[in-house]
Structures are given as structure tokens and as C-alpha cells.
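Notes for the one structure printed next.
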Amino acid sequence: MNDTGRIQAEQLTKHFRRVRAVRGVHLDIAPGEIYGLIGPDGAGKTTTIRMLAGVMKPTAGTARVSGFDVARQAEELRHQVGYMAQRFSLYGDLSVRENIEFYADIFGVRGAERAEQIQRLLRFARLEEFHERAADALSGGMKKKLGLACALIHRPRVLFLDEPTNGVDPISRREFWDILSDLHLAGVTIFISTAYMDEAERCSRVGLMYQGEIIRQGVPNELQQLVRGDLIAIVASDLVATERLVATLEGVTETQAYGDRLHVFVDDASRRLPHIEHALRAANLRVTQIRPTAPRLQEAFISLVTHQQRPPTAVHQDRVR
Ligand SMILES: Nc1ncnc2c1ncn2[C@@H]1O[C@H](COP(=O)(O)OP(=O)(O)O)[C@@H](O)[C@H]1O
Ligand SMILES: [Mg+2]
């Protein structure tokens with residue numbers, strides 16, 4: 000079988016002294032997928048990506064990318080994968096073009112291909128008209144696009160992106176994803192970590208990472224369905240009092256506050272909604288809006304994490320702890 004573009008991991012594990020950063024991760028990602036790794040800070044996303052990109056050795060377990068063993072064939076792997084680190088560095092006083100040229104030198108991209116490839120990447124990253132600008136003078140979003148262009152210089156079949164859009168404004172984030180869509184159409188396997196749930200919804204598959212483990216894996220839709228029951232969204236003036244009251248009502252399994260709104264998980268929205276409305280009115284709590292709503296990945300994730308539901312593979316993971 001041709002494994003070009005494929006990512007596989009078995010029991011992939013990394014310990015730093017007493018910190019179990021990554022615990023028994025299993026992955027099988029087909030060529031051309033966009034796989035999103037989502038999870039809170041400290042979940043182990045960066046450590047996982049570092050091991051897969053061949054820049055950090057696993058404590059235990061194995062991983063293969065494009066068929067190359069990440070621990071034993073790191074040098075071969077380097078030419079197969081593009082890696083944009085969470086804190087990648089550009090040369091601030093060099094221009095956009097010079098930064099890309101620098102990476103062309105590192106990866107030995109020479110001759111006629113070199114100029115052609117640099118021009119192609121400038122166009123691809125929507126940076127053509129800024130090619131003479133110093134990297135330090137770029138906006139946050141443009142820096143990320145330049146980082147991406149640098150990671151693509153050697154035409155990798157697999158791309159690892161570690162929170163590439165962190166701290167970038169929404170418009171630039173959308174543009175960055177447009178570029179990723181082009182790469183996806185070109186057949187590149189993309190492995191991306193993110194803390195933004197809306198980005199996870201653009202992936203073909205996502206893994207939810209928590210405390211070093213991938214606690215759930217699936218297409219975004221499937222993961223949303225894992226949230227049991229229905230969801231009711233409430234906008235109220237006194238959210239704290241509203242939550243306190245609603246949490247005590249029959250049929251309510253969980254409440255989550257998001258800014259000015261409360262998300263209430265219930266066994267059956269059509270049955271419980273009138274009761275909730277009634278109880279709030281009786282307590283003189285003013286409600287601006289109350290309606291059933293579909294759970295998003297964010298609710299699914301929080302719900303799964305707070306309930307600490309373990310996948311069946313957790314039994315095997317005990318071995319490596
Ligand atoms: N080089 C390191 N030395 C010691 N601990 C580390 C190191 N890198 C990461 N960790 C720890 O491993 C855990 C996972 O970190 P990381 O992979 O960076 O998570 P994420 O990228 O999801 O925020 C954290 O507890 C972090 O403090
Ligand atoms: Mg990280």
C-alpha cells in the first residue's frame with residue numbers, strides 16, 4: 000500500500016519527567032484529510048505534533064508519516080513534511096521574499112524550480128504585493144501566511160500546523176482557511192491544532208484532546224451528536240441567578256454559561272422548555288430569549304470533558320502510564 004501522505008500512530012506517548020504530556024495516542028489519518036486536534040492549553044497538542052513532525056522523540060509508542068518512522072527516519076521525514084511551529088520565527092529584518100528564500104536554501108530548492116516556486120508561494124499566500132516588506136512590518140495575519148509559505152517551500156505532502164491562527168483577527172483567519180482549502184484540494188494531508196471550535200468544524204475529522212489523551216475522534220457532526228439530549232439557549236439579564244435556578248429544575252442535566260447566554264442541556268427540549276420559562280417567570284427573572292438550539296462542537300467538548308467519559312481504549316492506555 001502506498002503510504003504517502005498517511006499519518007499513523009500507535010500508543011504514542013511522551014513524558015517530561017513527571018508530566019505525562021501525551022498518553023497512548025492512536026491515529027490513522029488518510030492521505031488528503033484535514034485532521035483537527037482540538038483541546039485546551041496543556042492538553043498535549045504541541046507535543047503530539049512535535050513527535051509526528053520528527054522533531055521530538057517519543058517516550059514510547061510509534062508513529063509513521065508517509066511510511067517513515069518518526070523516531071528512526073527523521074531525516075527522510077523532514078523532506079516529506081512541512082511544519083509550522085506554534086512559535087515559529089521569521090527573520091524580522093529580512094523581507095517576505097528573503098524569508099522564503101532562506102527556507103529554500105535550507106531545503107535545497109535550487110535552479111529554475113526555486114524562482115518559480117517562490118513566486119508561486121507568494122501568489123498562493125496572497126503576499127505578492129508585499130514581497131519586499133520586512134517581516135517585522137507585517138500584520139499578524141500576514142506573518143502567519145508567510146510562515147505557511149515557508150513551511151511549503153519543498154512541496155510537502157503532509158503539513159503540520161500548530162495553532163496557526165492563534166491571536167489572528169477573524170477575517171485573516173478566514174483567509175488563512177481559504178488557503179488551507181486550496182492545499183486540501185491539491186491533496187495535501189493537513190494536521191492542524193486549534194483552540195477555535197469553528198475551525199474544527201471545517202476539518203474532515205477531529206480529535207478531542209484532553210490531559211494527554213485523545214478522548215474522542217470523529218467527524219465534527221458525529222461528535223456533536225455525542226452530546227446527549229437537547230440544548231436550550233437562554234439570554235437573561237441576571238445570568239447567575241438564572242443558572243442557579245435552572246440547574247435545579249427537573250430534566251436539566253447540565254448548564255454552561257457563554258458570555259450573556261446560558262446553555263441548558265435537557266433530556267427533552269419540547270417538554271422542558273415551558274417548565275423552565277414558567278419557573279423563571281415565577282422567580283421574576285427576566286428572559287430576553289429562550290429557544291431550543293443545536294449543540295455545537297464547543298458544547299460537545301465541554302460536556303464530554305466534564306463528564307469524564309472515557310473511550311474503551313483507555314484500558315490499553317493504562318499500560319503506558
Ligand atoms: N519541554 C517540556 N518540558 C516539560 N514539560 C513540557 C514540555 N513541553 C510541554 N510540557 C508539558 O506537557 C504538557 C502538554 O503541553 P503541550 O503539548 O504544549 O500542550 P498544548 O500544545 O495542548 O498546549 C503541559 O503540561 C506542558 O507543561
Ligand atoms: Mg500548544
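Residues 0 to 320 in numbering that gives the first Met the number 0 are what the sequence shown spells out, letter by letter. The beta carbon of each residue, even a glycine, is placed where N, CA and C say it ideally should be. All of these numbers come straight from a predicted model, not from anything done at the bench.
Query: Three-state class that DSSP yields for lysine 13 in the structure shown; Result: strand
Query: Run of the beta strand (DSSP E) containing serine 192, from where it starts to where it stops; Result: 188-193
Query: Cβ separation of aspartate 38 and leucine 207, assumed to be a contact under 8 angstroms, to the nearest whole Å; Result: Contrary to the premise, residue 38 reads as glycine rather than aspartate in this sequence. Indeed they touch by this definition, with Cβ atoms about 6 angstroms apart.
Query: Short CB-CB distance (under 8 angstroms) between leucine 244 and chain D; Result: Included in the structure is just one protein chain, with no chain D present.
Query: Whether arginine 156 touches valine 187 by CB criterion (8 angstroms); Result: yes
Query: Cβ-Cβ separation, tyrosine 102 to isoleucine 152 (assumed contact under 8 angstroms), whole Å; Result: 4 angstroms
Query: Rounded separation between alanine 282 and alanine 293 - CA only; Result: 27 angstroms
Query: Completely contained alpha helix (DSSP H) runs for the stretch 107-139, where each covers 4 or more residues; Result: 110-123
Query: DSSP beta-bridge partners of alanine 256; Result: Leu261
Query: Inside the stretch 19-90 only - beta strand (DSSP E) runs reaching at least 3 residues; Result: 33-37, 59-64, 80-83
Query: Proximity of alanine 29 and arginine 5 at Cβ, strictly below 8 angstroms; Result: yes
Query: Distance, glutamine 79 Cα to glutamine 316 Cα; Result: Confidence at glutamine 316 is low in this model, with a pLDDT of 31, below 50, so its placement is unreliable and no value can be given for it.
Query: Stretch pair the stretch 294-308 + the stretch 211-229: three plus CB contacts closer than 8 angstroms; Result: yes
Query: Close Cβ partners of valine 64 (< 7 angstroms) along its chain, the five nearest in sequence each way excluded; Result: Ile6, Leu51, Leu76, Gln79, Val80, Val157
Query: Extent of the continuous alpha helix (DSSP H) to which leucine 225 belongs; Result: Neither: leucine 225 is in no alpha helix (DSSP H) and is coded neither H nor E.
Query: Near ligand 2: threonine 164 beta-carbon under 7 angstroms from a heavy atom; Result: no
Query: Nearest-angstrom beta carbon gap, alanine 232 and threonine 241 [assumed within contact, 8 angstroms]; Result: About 12 angstroms; that fails the 8 angstroms criterion.
Query: Top-ranked residue by Cα proximity to alanine 124, from Lys143, Phe190, Ala111, Val24; Result: Lys143
Query: Under 8 angstroms between C-beta atoms of phenylalanine 264 and serine 203; Result: no
Query: Leucine 279 (DSSP reduced to helix, strand or coil); Result: helix
Query: Opposing strand residues paired with proline 291 [DSSP bridges]; Result: Ile231
Query: Coarse secondary structure for proline 311, derived from DSSP in three states; Result: Any reading at proline 311 must be qualified, since the residue scores a pLDDT of 40, below 50, and its modelled position is unreliable; the value itself is stated next. Proline 311: coil per DSSP, three-state reduction.
Query: CA-to-CA distance, leucine 182 to serine 138, given in whole angstroms; Result: 23 angstroms
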